[in-house]
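What follows is a short report on a single structure.
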Amino acid sequence: MKLRKSPNSKARFIEICEETQCKKPQTIKRDVPTRWNLTYLQISSIVRCEEAIVMWQRDKQFGMPRNYHVQQEDFDLATDLVQLLLPFYEITLQLSTKASARIADVVVMIDQITSNLAAVIANQDPEKITLQPYEMLVVRGFA
Numbered sequence: 001m002k003l004r005k006s007p008n009s010k011a012r013f014i015e016i017c018e019e020t021q022c023k024k025p026q027t028i029k030r031d032v033p034t035r036w037n038l039t040y041l042q043i044s045s046i047v048r049c050e051e052a053i054v055m056w057q058r059d060k061q062f063g064m065p066r067n068y069h070v071q072q073e074d075f076d077l078a079t080d081l082v083q084l085l086l087p088f089y090e091i092t093l094q095l096s097t098k099a100s101a102r103i104a105d106v107v108v109m110i111d112q113i114t115s116n117l118a119a120v121i122a123n124q125d126p127e128k129i130t131l132q133p134y135e136m137l138v139v140r141g142f143a
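The opening position of the sequence shown corresponds to residue 1 in full-length UniProt numbering, with each subsequent residue numbered one higher.
What follows is the structure in structure tokens.
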């Protein structure tokens, strides 16, 4: 989905976001090829503003042709992808903000990613079977 860059189109999208009570920020992240985490941010912003996007697409002045509309299946897939990508996003942030990652941190984080992927493959809710990285460190005695 591409929001047209005109100020009027953006203003209309923000109006729709306010009408539908879309949580802020009321923007869709743009993709940047050098940062894969932005894929997570972009998709999560689409999920966050789903109702506003649907209404904006239908706008006669600023919307887009129907064959380019984001469909419910696309939003469902985006929701699943957000859940799948969240651990990668969080772990990447944790590793990139530390001066240097300890091997114990990395091992625990790999375990978390593996658990999340196994849950997705088994069609389970990853949140129900995994711990946050810091909690895993405490449980395993690393913190």
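Glycine residues also receive a C-beta, built at the ideal position from the N, C-alpha and C atoms. These figures come from a predicted structure and were not determined experimentally.
Hey, would you say residue i sits closer than 8 Å to residue j, going by beta carbons?
{"i": "Thr-79", "j": "Met-55", "result": "no"}
{"i": "residue 144", "j": "Val-47", "result": "Residue 144 is absent from the structure shown; the chain starts at 1 and stops at 143."}
{"i": "Ala-52", "j": "Phe-13", "result": "yes"}
{"i": "Ile-43", "j": "Leu-93", "result": "no"}
{"i": "Phe-62", "j": "Ser-96", "result": "no"}
{"i": "Ile-91", "j": "Gln-71", "result": "no"}
For residue i, does the count of other Cβ atoms within 10 angstroms reach 16, so buried, or fall short, so exposed?
{"i": "Ser-6", "result": "exposed"}
{"i": "Asn-123", "result": "exposed"}
{"i": "Val-107", "result": "exposed"}
{"i": "Asp-105", "result": "buried"}
{"i": "Asn-116", "result": "buried"}
Residue i: which of the options sits nearest, CA to CA?
{"i": "Cys-49", "options": "Lys-60, Leu-38, Glu-15, Val-120", "result": "Glu-15"}
{"i": "Ser-45", "options": "Met-64, Pro-65, Phe-75", "result": "Phe-75"}
Suppose the cutoff is 6 Å on Cβ atoms and the five residues either side in sequence are ignored; what does the same chain contact list for residue i look like?
{"i": "Lys-60", "result": "none"}
{"i": "His-69", "result": "Gln-57"}
{"i": "Lys-23", "result": "Arg-48"}
{"i": "Asn-37", "result": "Tyr-89, Thr-92"}
{"i": "Glu-73", "result": "none"}
Specify the secondary structure class of residue i as computed by DSSP and reduced to three states.
{"i": "Val-107", "result": "helix"}
{"i": "Phe-62", "result": "coil"}
{"i": "Val-70", "result": "coil"}
{"i": "Cys-49", "result": "coil"}
{"i": "Asn-123", "result": "coil"}
{"i": "Arg-12", "result": "helix"}
{"i": "Ser-115", "result": "helix"}
Keeping to the same chain, check which residues put their C-beta closer than 7 Å to that of residue i; ignore five residues upstream and five downstream.
{"i": "Arg-66", "result": "none"}
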